[in-house]
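Residue numbers (the numbering used here), protein chains in the order written: chain V, 11 to 422; chain X, 8 to 302.
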């Protein structure tokens, strides 16, 4: 046990000093602080700045009306839409850059709904104009002007202003703000991304370390002092602590930043991440780490060079990326069969479950089955990994063949 | 100190070590020799409990090869290196601690040894900044940092200049004087002749020569004497032929003759003998003869 702790302490010290680790650990909270400062100091000015400087084109739009429907003079949009008597005048104004584009309402517009939009400089800017909500609002206003009372006109223009109210399990009205979707989805989602970053950063360090020890021929000296399993255990323990420190820094920084955001922007109910989600997330992190760390350490021991080891490990990284590909489908239903299946496969379940936990309610039975399969798999991977690790470490200049791996299981 | 009995190890269908037995006495420097692929490294790795033997027994300091025994052994493997990004002293302290030393004691011992090999100025330098020779000396220090009772060294002088080779030989002799046992594996037969009292020669996984260096050399002696004298007698009975060698003569003897009989004749003839010695073959010659004879 003493040697395991010695190796773990050494791994902790060495990896906490890595510039890449320090930058990554501090960069994420630093970005959050910067975002918060920009938001609090500049506030709406930032939005104005973007509106003024980055809007596509602030010039008005021209139009030629053959339907006799439009009358911009009486419109609330008269500064945005300028009438032209015919298309040649409108075209001239467009070419002179007096207007950003113009549209033509044919005589049969009311029957067909057809609107022809002319613009300069490629199809996209023309399309953007055609799709612009202001144009739609202008046409709606003109179509119903004088035909219905002003209040109805206003409702046609903006039929709904949604006020979401959430009921608790007991049917009571929740006091959550409309921003609570941030808590329900975005916060756990971002957390899951950071979780995966940490998982693979630390497992990657482990692979790099083992590979370096093998490539640098240190391994035989280490094995003359400790057992391969002790070396493996010490490394997994030490780098696990490195990963947990990173996660702890990010969670603490995240909590502080969200607290500050709530105070600064008087947002309420934003930080609504349930404790059970955090605990389950951490359990999946630890188990996922154990699985991937062992696989990466074994990959590190199998390759003859670091690059070769990384190639072997990329098979596992690829498997871990699969859950991200399903995210698009999960907006509609986080419990789609594909997501459930991926929650049971050990290589995908840690990432899949963290994402699903972020999306919403995951049945408890699925969590239990997923955790059970994951734990059994970890026991197997540790057992098999230790055997392959032991055999591969002393194979220089040659990657173990399938036959070697079979022999490792028989002999060790 | 070491008792190895009938050690066997297979790799797939190859019998890498095939019934090897030998013993090493406390306080001796023992040469473990053999051509490439003979089974030396596998034998050493089994002694270090890095590999498990298929059969046979190994007793080190009266115990089977185990973790407890390992901490009393200093091992310098053929395939070796140190953490390139570690500072030298930090690396040595870590390796000492892994062998069971308290960190502080490991650090103090490492500092003393670095001074002994002239690397004290480099204690805080990263290992990747050291020259090849310096790294070899650092590696040597890493092997003895925990003051082991038994040293197993595979090509310890590899990559060293004659001055540093001599320095490490001196340290090895000092370690022997302090009662340490040393197993030396090398292809440099001059170093073996200089340092070792007994040797084991393995080929194709089997023992082909084992015993005291003097006995083995005597066994392979060519039945000849080297003579340096003022006047060579006109005739010497029992001598098959005489070959001039530098300022001396090599006398090849008849099978039924002896060096003593020749010396008596020389004294009787008042030849003015300045040098008279039984010709022993160099170990390298014996190595080649035995290994080639085994092919």
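The C-beta atom is built at its ideal place from N, Cα and C for all residues, glycine as well.
Using the C-alpha atoms, what's the distance from residue j back to residue i?
i: residue 343 (chain V); j: residue 353 (chain V); result: 14 Å
i: residue 369 (chain V); j: residue 285 (chain V); result: 15 Å
i: residue 130 (chain X); j: residue 114 (chain X); result: 10 Å
i: residue 96 (chain V); j: residue 74 (chain V); result: 6 Å
i: residue 256 (chain X); j: residue 265 (chain X); result: 16 Å
i: residue 258 (chain X); j: residue 243 (chain X); result: 10 Å
i: residue 30 (chain V); j: residue 414 (chain V); result: 36 Å
i: residue 238 (chain V); j: residue 159 (chain X); result: 20 Å
i: residue 403 (chain V); j: residue 393 (chain V); result: 16 Å
i: residue 120 (chain X); j: residue 214 (chain V); result: 36 Å
i: residue 128 (chain V); j: residue 331 (chain V); result: 45 Å
i: residue 313 (chain V); j: residue 268 (chain V); result: 44 Å
i: residue 335 (chain V); j: residue 199 (chain V); result: 14 Å
i: residue 170 (chain V); j: residue 119 (chain V); result: 27 Å
i: residue 106 (chain V); j: residue 78 (chain V); result: 26 Å
i: residue 9 (chain X); j: residue 269 (chain X); result: 43 Å
i: residue 318 (chain X); j: residue 252 (chain V); result: The question about residue 318 (chain X) has no answer, for chain X in this structure spans 8 to 302.
Drop a sphere of 10 angstroms on the beta-carbon of residue i, count the other beta-carbons inside from all chains shown, and report buried for 16 or more, exposed for fewer.
i: residue 54 (chain X); result: buried
i: residue 267 (chain X); result: exposed
i: residue 24 (chain X); result: buried
i: residue 25 (chain V); result: buried
i: residue 300 (chain X); result: exposed
i: residue 280 (chain V); result: With a pLDDT of only 47 at residue 280 (chain V), under 50, the local geometry of the prediction cannot be trusted, and the value read off the model is given with reservation. Answer is buried; the Cβ neighbour count reaches 16.
i: residue 321 (chain V); result: exposed
i: residue 388 (chain V); result: buried
i: residue 319 (chain V); result: buried
i: residue 11 (chain V); result: exposed
i: residue 143 (chain X); result: buried
i: residue 397 (chain V); result: buried
i: residue 18 (chain X); result: exposed
i: residue 100 (chain V); result: buried
i: residue 359 (chain V); result: buried
Which chain X residues are close to residue i, counting only those with a beta carbon under 9 Å from its beta carbon?
i: residue 311 (chain V); result: Those within 9 Å of residue 311 (chain V) in chain X number zero; the least Cβ separation is about 14 Å.
i: residue 44 (chain V); result: None at all; the shortest Cβ gap to chain X is about 32 Å.
i: residue 365 (chain V); result: None at all; the shortest Cβ gap to chain X is about 36 Å.
i: residue 346 (chain V); result: Here the premise fails: no neighbours, minimum Cβ distance about 47 Å.
Check the Cβ of residue i against every Cβ in chain X and list those closer than 8 Å, keeping chain order.
i: residue 21 (chain V); result: Ordered by position in chain X, no residue passes the 8 Å Cβ test against residue 21 (chain V), which lies about 11 Å from the chain.
i: residue 235 (chain V); result: 77, 78, 102, 105, 106
Name the chain V residues that come within less than 8 Å of residue i, Cβ to Cβ?
i: residue 104 (chain X); result: 16
i: residue 74 (chain X); result: 236, 237
Leaving out five residues on either side along the sequence, give the residues of the same chain with a beta carbon under 8 Å from the beta carbon of residue i.
i: residue 293 (chain V); result: 381
i: residue 429 (chain V); result: Shown here, chain V extends from 11 to 422; a query on residue 429 (chain V) therefore has no answer.
i: residue 199 (chain X); result: 38, 40, 191, 193, 206, 220, 290
i: residue 204 (chain V); result: 38, 257, 260
By the criterion of Cβ-Cβ separation under 7 Å, what are the contact partners of residue i in chain V?
i: residue 91 (chain X); result: 226
i: residue 145 (chain X); result: Simply none; closest approach about 12 Å.
i: residue 109 (chain X); result: Residues of chain V passing the Cβ test: none, with the nearest at roughly 11 Å.
Identify, in the order they occur along the chain, each residue of the same chain with its Cβ nearer than 7 Å to the Cβ of residue i, setting aside the five sequence neighbours on each side.
i: residue 49 (chain X); result: 16, 23, 24, 58
i: residue 12 (chain X); result: 28, 63, 64
i: residue 249 (chain V); result: 21, 25, 212, 215, 216, 303
i: residue 146 (chain X); result: 83, 87, 89
i: residue 100 (chain X); result: 110, 113, 114, 117
i: residue 286 (chain X); result: 228, 229, 231, 232, 233, 257
Output, in chain order, the set of chain V residues within a Cβ distance shorter than 9 Å of residue i.
i: residue 303 (chain X); result: No information on residue 303 (chain X) is available, as it lies outside the stretch 8 to 302 that chain X covers here.
i: residue 166 (chain X); result: Neighbours of residue 166 (chain X) on chain V: none; closest Cβ ~13 Å, over 9 Å.
i: residue 142 (chain X); result: Within 9 Å Cβ-Cβ: nothing; residue 142 (chain X) doesn't reach chain V, min ~11 Å.
i: residue 149 (chain X); result: 231
Residue i touches chain X at which residues, Cβ-Cβ below 7 Å?
i: residue 5 (chain V); result: Residue 5 (chain V) falls outside the range modelled here, since chain V spans only 11 to 422, and no answer is possible.
i: residue 398 (chain V); result: Those do not exist, as residue 398 (chain V) stays about 15 Å from chain X at its closest Cβ, beyond 7 Å.
Can you name, in chain order, every residue of its own chain whose Cβ lies under 6 Å from the Cβ of residue i, other than the five neighbours on each side?
i: residue 246 (chain V); result: 303
i: residue 323 (chain V); result: 217, 306, 309
Taking residue i as the query, report the chain B residues whose CB atoms sit under 9 Å from its CB, ordered along the chain.
i: residue 256 (chain X); result: The structure shown contains no chain B; its protein chains are V and X.
At a Cβ cut of 7 Å, what residues of the segment 55 to 72 of chain X count as close to chain V, listed as they run along the chain?
-> 55, 57
For the segment 214 to 227 of chain V, which residues have a beta carbon sitting closer than 7 Å to at least one beta carbon of chain X?
-> 226, 227
Looking at chain X, which residues of the segment 243 to 256 of chain V have a Cβ within less than 8 Å of any of its Cβ atoms?
-> none
The segment 160 to 187 of chain X: which residues have C-beta closer than 8 Å to a C-beta of chain V, in chain order?
-> none
Residues within the segment 222 to 238 of chain X neighbouring chain V, beta-carbon criterion of under 7 Å | none
Which residues, in chain order, does the segment 201 to 223 of chain X contribute to contact with chain V at a C-beta distance below 8 Å?
-> none
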